[in-house]
Every structure is written in C-alpha cells, then in structure tokens.
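Below is one structure, written out as structure tokens; comments come after it.
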Amino acid sequence: MSGRHADALTGGWGSFMINILFTVFIIVILILLWVMIFDSNRFVVVRHGFSDRRIKKNCRAVVLADLHNKCYGKNNGLLLSAIRECKPDFILVAGDIPTAKEGKGLEIAVSLMRELAKEYPVYYGSGNHEHRMKLYPQTYGDMGQRYEEALREAGIRRLVNEHAGLEENGIVIYGSEIDRLFYKRFKVRDMEEDYLESILGKPETERYSVLIAHNPDYFPNYAAWGADLVLSGHVHGGIVRVPLWGKGVVSPNVRLFPKYDGGIFREGKSTMLLSRGLGLHTIPFRLFNPGELLVVDFIREDKL
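Residues in the sequence shown are numbered from 511 upward in steps of one, following the working numbering.
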C-alpha cells in the first residue's frame, strides 16, 4: 500500500471517529436537556416517620418548601391533589413559597395557601424571600405587607420567631426568621451561641419540638438550641444531583457540593429533614433532582 493510500485511510478513519464522537456528544446533550426539562417540571412524594415518647397521638404533616411561584397544573391542581392523597392532619411551610423579585406577582402563592387553609391547619415559617419582601419595601413595594395580610385573612398561622402548641399531639412547632446576614453568598457567617435563644426563647422539653428553619447551614446551632426535628429548605437539593453518588452540586449561596443538600441529617439528639424544594430560583433548572413534596408521620414511640 502506498503512503498516499495509507494517509487517506488514516485520515478517513480519523474523520469517522470525530463524527462518531460528535454524534455521541450531541446525543448526551439532548438526553441531559430532556432530563433537565422533565425534572424541572415534576415532583416526587417522599415519606418519613419520626417517633418519640412525648408524642401523644399519631399525626401526619405535609411539608412544603421553596415553591417560588411554581405551578404544577392549572392553579396548582396537581400539587393540591397530591397533598390531598397524602391525607395530612396539618401543613407545615418551610418558606419561599413566593419569589421576592420586582415584577413578580403573589397570585400563585396566595391561591395555593388559601386552598390549603380551607382544608387544613397551616403553620407557616419564613424563608429568605418572605423576609426580604418585608425588609426592603423600597425595592418590593407593598408585596410583603400584602402577602402577610393574605395569609392572615386565610387563617394561616404565621410563625415569625413564635411557636404553636399542638397539645393533643404532644408537639410544639417553632418558626424561626433569622437575620438576612445569615444568607450571604459564598460563605457561612458565624452564628452566636445565644442567637436562637434570643429570638425564640428556650425550647420546651415536655413536648416534641419541631423547628421550621429555612436555612440548613445552621443545623449545628439548631441542634445546640434543642430542636428535636428541624425542617429546612433553601438549597433546592443542590440544583443538580450527581447520579449514583446522589450529592447535590451547588447551593443558591454559590457553594459547590454543600454539606447539607437534601435528605436526613443528624447532630446529637437532633434530626434535620432538608427538603429539596418544589420550585426554581437563582439557577432556574433541576437535573437528576425533581421537586420534592415531603410527608412526615409523627408516631407515638410505642406504636412504631
């Protein structure tokens, strides 16, 4: 075989391999794009159970976090149907149901909350978006005020550094609203040891304490304060989750592979259930990380 023919064959093989690799690359990109669109527009129902001797009566809660004005079906009909199928005794909201952004409306968030309040007791803890709307009226106008009024008119119990007792269940629910400084990007600001006690008081010990605390970065502080169960959100599951490994890639605070991304975490006698959220914000997509509707069963210890 002449050198010219050999070069031609080599060149032809090289072009063939380049075409194959390019085709594979395009297919992978299309698959990832399809999964991204699919995961960004669906949610899964995830169930957890927690038992304690202080819980007097079995009960069930549905936990909502980080909806960010997302709508699943007309008027969030798909989300409402899923909640009803879970047959909760009450609803716990872990913040960021609306989105604090100029030009964004409140209709989706208010409509959902009103519908839920017609059927269930709703206990609502703040996220950074609810807090931000109230703090900066020069930016958001009366959004914060209108949202608070709508929740109050619907009969929703707002827990802004307050607590509500479920006496017959042996449970007390706290809702924390920490300072905006604790949501700064790129790093976790230190929280003073007595900070939570200064805004929440000392936790009860006679009843099982549930702390709604939107930002999971401070779980060690919540545990040191004395929460039995912490319900958090904010991280959206890490936006993208690595297949097989299951680790979230980035947080809204722009930190790679955050320690707290989604699921169950434990610190001493405390447990944190971190929701992956339901909506989109900051990085407006999900990949291998569908939205999450949490169902929590509180169980008398002798009935588990």
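Beta carbons: idealized from backbone N, C-alpha and C, even for Gly.
In this text, all values refer to a predicted model and were calculated from it rather than measured experimentally.
Beta-bridge partners assigned by DSSP to Ser742: Leu784. Residue environment for Met527: exposed (fewer than 16 other C-beta atoms within 10 angstroms of its C-beta).
Residue pairing for Asp807: DSSP places it in a beta bridge opposite Gly559 and Arg570.
Residues Leu721, Ala723 and Val740 of the same chain have their beta carbon placed closer than 6 Å to that of Tyr732, with the five preceding and five following residues left out of the count. Under the DSSP definition of a beta bridge, Phe553 partners with Gly801.
Around the CB of Ser591, fewer than 16 other CB atoms lie within 10 Å, so the residue is classed as exposed. Counting the other Cβ atoms within 10 Å of the Cβ of Lys628 gives fewer than 16, which makes it exposed. Take Gly736, set aside five residues on each side of it, and the residues of its chain with a beta-carbon closer than 6 Å to its own are Pro713, in chain order.
When beta bridges are read from the DSSP output, His791 appears opposite Ile793.
Here DSSP, grouped into helix, strand and coil, assigns His639 to helix. Short of 6 Å from the beta carbon of Arg564, and not among the five residues preceding or following it, lie these beta carbons of its own chain, in chain order: Gly680, Arg717 and Tyr718. In the three-state reduction of the DSSP assignment, Phe696 falls in the coil class.
Residues of the same chain with a CB within less than 7 Å of the CB of Met701, apart from the 5 flanking positions on each side, are Phe692, Tyr728 and Asn731 in chain order.
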